[in-house]
Amino acid sequence: MERALDSMVEKYGMLQEEPTQEGGEEPVNWFRNRVEEIVEAKLDTYTADITGLPDYALATAGASVVGHSALLRGFHLCTWSSFALWPCFIEFCMECSKTMGFGAQMIHPLADELVLRPGTLPGRCLPLAGSSGSIDVRLRAPVAITAITLEHIDKRIAYRGQWSPAVKEFEVWGFNATRKGKGMEGFEELGRYAFEEDGRHVQTFDMVDGKLPVSHIRLKIISNHGSGDYTCLYRVRVHGNEM
């Protein structure tokens, strides 16, 4: 957007020095119209979930968290809105990376709400214990993944210390329940990326190979931006072509 505006400013300066041709557009009107077009296009994209791309990891569309590493000890959430009747899950994380009955993994009941739905606010995240961790997501449908988007709170609204737990280096692994995979527990690596501290609070990372259908992803966090206590995972989006 900045490059487009710079180009228009340069063009506007040139037009000011030229007389308006008969039946042509006034320089000021031309400049105003072009700016309006760009602003409207950006607003349209922003209202389309910021990225302008379908999200196959959206909980309201059928995606869900099916596994995650241990949470910050003592994490609990006496929640808001429709979840107001949920109890506080004090010391929940002490067993969340283990199994509980019939081999089912213990998942925090608000994992979908915190990671797979819109509404990023300071502190409204899934706090994975330590500077690394992972989360497994079942997508709404098998897709050939073309990109993944991570979100953290904007630095302009962050309180002191809220950026150090942000995800830094991470890997994306894919798994398809209908075919045999490879790598860790049937997952295969799709790419390794880094969430930039100086970038936007919503960052999209393109996949190199988006041809094979994937029904599940594992977001494997390698490091964060400095916190040794926990990694604050906000919203995760997965983009691609439905198979």
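In our numbering, the protein residues as written are 228 to 470. We put the beta carbon where it would ideally sit given N, CA and C, even for glycine.
Taken through DSSP and simplified to helix, strand or coil, Asp-363 comes out as strand.
The C-alpha of Gly-289 lies about 14 Å from the C-alpha of Val-463. Here Ala-356 is buried, its C-beta having at least 16 other C-beta atoms within 10 Å.
The closest CA to that of Leu-285, considering only Val-364, Val-399 and Ala-374, is found on Val-364. Gln-389 is bridged by DSSP to nothing; it lacks a bridge partner.
For Thr-347, the three-state secondary structure derived from DSSP is coil. Apart from the 5 residues on each side of it in sequence, Asp-433 sits with its Cβ closer than 8 Å to the Cβ of Thr-373 and Ala-374 in its chain, given in chain order. Phe-414 has its alpha-carbon roughly 30 Å from the corresponding atom of Gly-301. Below 8 Å, too few C-beta pairs join the region 416-426 and the region 333-350 to call them touching: fewer than three. Under DSSP, His-295 forms a beta bridge with Ile-362. In the three-state DSSP reduction, Ile-384 falls in the helix class (H, G or I).
DSSP places Ala-356 in the uninterrupted beta strand (DSSP E) bounded by 353-356.
For Ile-449, the three-state secondary structure derived from DSSP is coil. With respect to the C-alpha of Leu-299, the residue from Ser-442, His-335 and Trp-400 having the closest C-alpha is His-335.
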